[in-house]
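As structure tokens, the structure follows; a few thoughts come after it.
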């Protein structure tokens, strides 16, 4: 149900008078505001807390002075802690005007009105018109998304931010006085942070991602035990496979433990993707692909982690960490890669507390006016540096090699060299991270001279290496020495023969793993080209091979 604008709250213990006040307010303001009634101060405070948790704005409070249990002045003073921006009006009888006048100074009351105010056109509406006009000018609109409370330098908070962002969930991360006020309103102790406040006011404390997903209405369990195709991983390769598979008539399930887009979704701007001459953000590209998948009736699971894929007869069983499983005629593994951990002393202690692996575009706004350090020399690092430079005071790229051009596209190198806010330090690696509860300093070492230097640093973004998440798969899946999955020709020996365990007379298809009917696409595949376009292409090619496999079985 759509909201009816900011709330006007009336607090009056006499039911007849309460109805009359609400009637007058609705007559004048009902088209743009929602009028809410309460008959006690304590009850009204609960209403305000609930409205605040739901992100609804309270514009005006009108409270009677004489009420049992808590008079209007005491109530309005407490209400100020919950909704400090709301305009506060005390309703009094003529005999109580002196108390009302004192309250104007004692609790910073905005106005008092003497009852009755007949006609309201002369004695009520002019006062409220001015107060509401002032409120509208100075206040921010109510927020209808998810509210996140949590320490900026806590890894758990960072995980929730990444999850909400990758699933395209509007959210705000409240910190400082505003965050503390809402935390007090919701009665959340520090040890229960981070907390997620849902649009309906439900509060989740220290929640696992699965609980957040379920509260948001995201599917976490498959709706059927059987599918034509299960795609594991929803980066560019997985999205490509899901879209092409579903568009060609395969009943398709797309599974991801985090959200749509993979590492590509974190790219601030992809400028060399075909068909986008002005470039496209990774998040926008991922969202467009997700919309396509939904259009073709792809079923999507999030916060669902696959823990095994096994062959059972002609089926391929995918097992999940919550104990449930599904069977598919074919599977595409497109889990991408993870950034390698920074091999620096103490770095693990500051993961999510100043050291971040990859970087979503939304992180840049939080770096305004700061110095940002970026470790890496490939395209992802270059894109991040250019994006951060729009917000940060300075961006320092720490490059282990002697030249950016060894691994980065020329168009990015030229733009980095032309940006005065970006400093590139070559032959430099981070060898230690230091701080008290959060990153405060890094030690860098010159790889040529061996000299060291300690730099003040609160934000370090790492874009080095690539580790394939394949440890969850059984030993029947052949891998290379780095853990990437071998497919097709890479499975054959020098004489062109498949592995001894290969059960079929034919050789594996180009993207087929060592388990027939299980295909691999994108960065997790050995010898793949680490580009978004090639990942999408491999996803589409995998579906073509799935059809060939199904026709032969």
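Residue numbers (the numbering used here): 331 to 883.
Even glycine gets a Cβ: it sits at the ideal position worked out from N, Cα and C.
With 16 as the cutoff for other CB atoms within 10 Å, does residue 654 come out buried or exposed?
Per the 10 Å Cβ criterion, exposed.
Am I right that residue 479 and residue 524 are in contact with their C-beta atoms under 8 Å? What's the rounded C-beta distance?
Confirmed, Cβ separation roughly 6 Å.
Whether or not the region 763-780 and the region 675-687 are in contact is what I'm after, with contact meaning three or more pairs of Cβ atoms, one per stretch, closer than 8 Å; do they touch?
Judged by Cβ distances under 8 Å, the region 675-687 makes contact with the region 763-780, as three or more pairs qualify.
Can you find at least 3 beta carbon pairs, one from the region 584-600 and one from the region 625-641, that sit closer than 8 Å?
Taking 8 Å as the limit for Cβ pairs, the verdict is that the region 625-641 does touch the region 584-600.
What residues match up with residue 422 in a beta bridge as DSSP calls it?
Its beta-bridge partners are 444.
State yes or no: is the C-beta of residue 651 within less than 8 Å of the C-beta of residue 661?
It is not a contact, given that the beta carbons lie outside the stated cut-off.
When we look at the beta-carbon of residue 605 and count the other beta-carbons within 10 Å, is it buried (16 or more) or exposed?
Burial call: exposed.
Quick one, which of 475, 706, 487 and 665 has its alpha-carbon nearest residue 536's?
It is 487.
Around the Cβ of residue 354, are there at least 16 other Cβ atoms within 10 angstroms (buried) or fewer (exposed)?
So residue 354 ends up on the buried side.
Between residue 610 and residue 600, what straight-line distance do the alpha-carbon atoms span, to the nearest angstrom?
C-alpha separation (whole angstroms): 5 Å.
Under three-state DSSP, which class holds residue 584?
Three-state DSSP puts residue 584 in a strand.
Which partner residues does residue 597 have in the DSSP bridge list?
Note: residue 597 sits in no beta bridge, so no partner.
How long is the line joining the alpha carbons of residue 554 and residue 582, rounded to whole angstroms?
Those two C-alpha atoms are separated by around 11 Å.
With distances taken from CA atoms, which of 727, 764 and 765 is nearest residue 753?
Nearest C-alpha to residue 753: 727.
Thinking just about the alpha-carbon of each residue, which of 857, 856 and 852 is nearest to the one in residue 571?
With distances taken between Cα atoms, residue 571 lies closest to 852.
Do residue 845 and residue 641 have their C-beta atoms closer together than 8 Å?
Yes.
Check the DSSP bridge columns for residue 503 and list the partner residues they point to.
In DSSP, residue 503 forms a bridge with 478.
Helix, strand or coil for residue 401? Go by DSSP, reduced to three states.
Coil, per DSSP.
Would residue 598 pass as a contact of residue 797 if the rule is Cβ separation under 8 Å?
No, Cβ-Cβ distance for residue 598 and residue 797 is not below 8 Å.
Quick check on DSSP: helix, strand or coil for residue 867?
Note: residue 867 maps to helix in three-state DSSP.
Between which two residues does the beta strand (DSSP E) holding residue 650 run?
Segment 645-650, the beta strand (DSSP E) holding residue 650.
From residue 485 to residue 765, what distance separates their C-alpha atoms?
Their Cα atoms are separated by approximately 15 Å.
Using alpha carbons as the reference points, say which of 396, 384 and 882 lies closest to residue 659.
It is 882 whose Cα lies nearest to the Cα of residue 659.
Per DSSP, what kind of secondary structure is residue 514 in: helix, strand or coil?
Helix, per DSSP.
Could you tell me if residue 710 is buried or exposed, where buried requires 16 or more neighbouring beta carbons within 10 angstroms of its beta carbon?
Per the 10 Å Cβ criterion, buried.
Compute the beta-carbon to beta-carbon distance between residue 568 and residue 595, rounded to the nearest angstrom, for a pair I have assumed lies under 8 Å.
With 8 Å as the limit, residue 568 and residue 595 do not qualify as a contact, their Cβ atoms being about 12 Å apart.
Which residue's Cα is closest to the Cα of residue 390: 400, 417, 401 and 369?
With distances taken between Cα atoms, residue 390 lies closest to 417.
Please classify residue 698: is it buried, with 16 or more other beta-carbons within 10 angstroms of its beta-carbon, or exposed?
With fewer than 16 other Cβ atoms within 10 Å, it is exposed.
Quick one: grab the DSSP three-state call for residue 709.
Reduced to three states, the DSSP call for residue 709 is helix.
Give a yes or no on whether the C-beta atoms belonging to residue 395 and residue 420 are separated by under 8 Å.
Yes; because the gap between Cβ atoms is below 8 Å, this pair is in contact.
How about residue 404 and residue 373: do their beta carbons lie closer than 8 Å?
Not in contact: residue 404 and residue 373 (Cβ atoms no closer than 8 Å).
Would you call residue 686 buried or exposed, if buried means 16 or more other Cβ atoms sit within 10 Å of its Cβ?
Buried: at least 16 other Cβ atoms inside 10 Å.
What do you reckon, are the CB atoms on residue 516 and residue 573 nearer than 8 Å?
No, the Cβ-Cβ distance between residue 516 and residue 573 is not below 8 Å.
If you follow the beta strand (DSSP E) that residue 534 is in, where does it begin and where does it stop?
Taken as a continuous stretch (DSSP letters only), the beta strand (DSSP E) holding residue 534 covers 533-535.
Restricting to Cα atoms, I'd like to know which of 713, 689, 556 and 734 is closest to residue 646.
The residue with the shortest Cα to Cα distance from residue 646 is 556.
Grab me the residues of residue 634's own chain with a C-beta within less than 6 Å of its C-beta, minus the 5 sequence neighbours each way, in chain order.
Around residue 634: 550, 585 and 650.
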